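Worksheet for the structure shown next.
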Amino acid sequence: MVAPQLRPIQEEDWLLPDTEADVWLDDKCKLMIERRDEVFAMTDAGETPSEEAADLVAKVTGRNGQDAETALEAAAASVSDDLCILVPSENGFVLGAASLCAPTYWSLTENIGKTLGGLHSPVPGGDPELAGRISRVFSGLKPGKCLERFNWTVQLDGERFTPSSAPMKRELAGLLPQEAAKRLYLRVERQTIRKLPESGGVLFTIRICVDPLAPLLSDSGMCASFADSWQTTSKSLAAYKGWPHYEAAVGHLLSID
19 MVAPQLRPIQ
29 EEDWLLPDTE
39 ADVWLDDKCK
49 LMIERRDEVF
59 AMTDAGETPS
69 EEAADLVAKV
79 TGRNGQDAET
89 ALEAAAASVS
99 DDLCILVPSE
109 NGFVLGAASL
119 CAPTYWSLTE
129 NIGKTLGGLH
139 SPVPGGDPEL
149 AGRISRVFSG
159 LKPGKCLERF
169 NWTVQLDGER
179 FTPSSAPMKR
189 ELAGLLPQEA
199 AKRLYLRVER
209 QTIRKLPESG
219 GVLFTIRICV
229 DPLAPLLSDS
239 GMCASFADSW
249 QTTSKSLAAY
259 KGWPHYEAAV
269 GHLLSID
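Structure below.
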């Protein structure tokens, strides 16, 4: 996250409808089994809040996922969203547990147990100001209240499990702009947060949607909005997102649209 930019939503709109379940949930559950060490992690402090979060997900969705070793994994198998648990500690909130199958260039194994400051330090302007703002939001969040925000980027092809951007960058380097342009996807993150009243932790959910970019830009309004956002994003943030690698391909799409 680069700025909180959160807005309240109703509980009935929190996880349902699950817009990505049909296209992602089966593959997600397979990933949870085959690459468990990469997509699931939990600290001792995260166990109880994870069980509380799983109960909350089941209550809202009315569904139970596949048999799993932990309650959090069972809950994560019932929704397309990734589930991350932030737990309070003497050093502030830390990432206590997560089922993260669609990371956006982010390694769970490298970040489990880190504080908010550690999680956000690579973001331009992120530490300490961003971590402090998010911590205050987490601390002040009332049980039962849901907050939502969106984030987006572009990527090569439609893969959702992307713990590293390096493979995409290597492939991009060997493509002509017009070739890469045909394979660009818009990647949108829908993020929500909810307080866990018993443990004092926070459940952070991330739902990923990926769509081919070229068809989206065929709409003149969408094209204008995308171009404005792309061109007005600060250089530091664009560099953080890896956009310079996509500049030629995006420029090709915008020039033909």
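In this text, residue positions in the sequence shown follow our numbering: the first is 19, and each later residue adds one.
The beta-carbon is built from N, C-alpha and C at its ideal position, and this holds for glycine as well.
None of these values were measured; they are calculated from a predicted model.
Rounded to the nearest angstrom, the gap between the Cα atoms of P262 and K187 is 10 Å. Taken through DSSP and simplified to helix, strand or coil, P26 comes out as strand.
Scanning E166, L104 and M60 for the CA closest to the CA of T88 turns up M60.
With fewer than 16 other beta carbons inside 10 angstroms of its own, T37 counts as exposed. Every alpha helix (DSSP H) stretch that sits fully inside the segment 83-146 and reaches 4 residues is listed by chain position as 89-94, 126-129 and 134-138.
Using a Cβ distance threshold of 8 Å, L90 and A115 count as a contacting pair.
In the DSSP annotation of this structure, the continuous segment of the beta strand (DSSP E) that includes P230 starts and ends at V220 to P230.
Cβ-Cβ separation between C227 and F179: approximately 14 Å, too far for a contact (criterion under 8 Å). Here A86 is buried. Its C-beta has 16 or more other C-beta atoms within 10 Å.
Within the DSSP secondary-structure output, R178 pairs in no beta bridge. DSSP places E166 within a strand segment (E or B) once states are collapsed to three. Rounded to whole angstroms, the separation of the alpha carbons of L272 and A71 is 43 Å.
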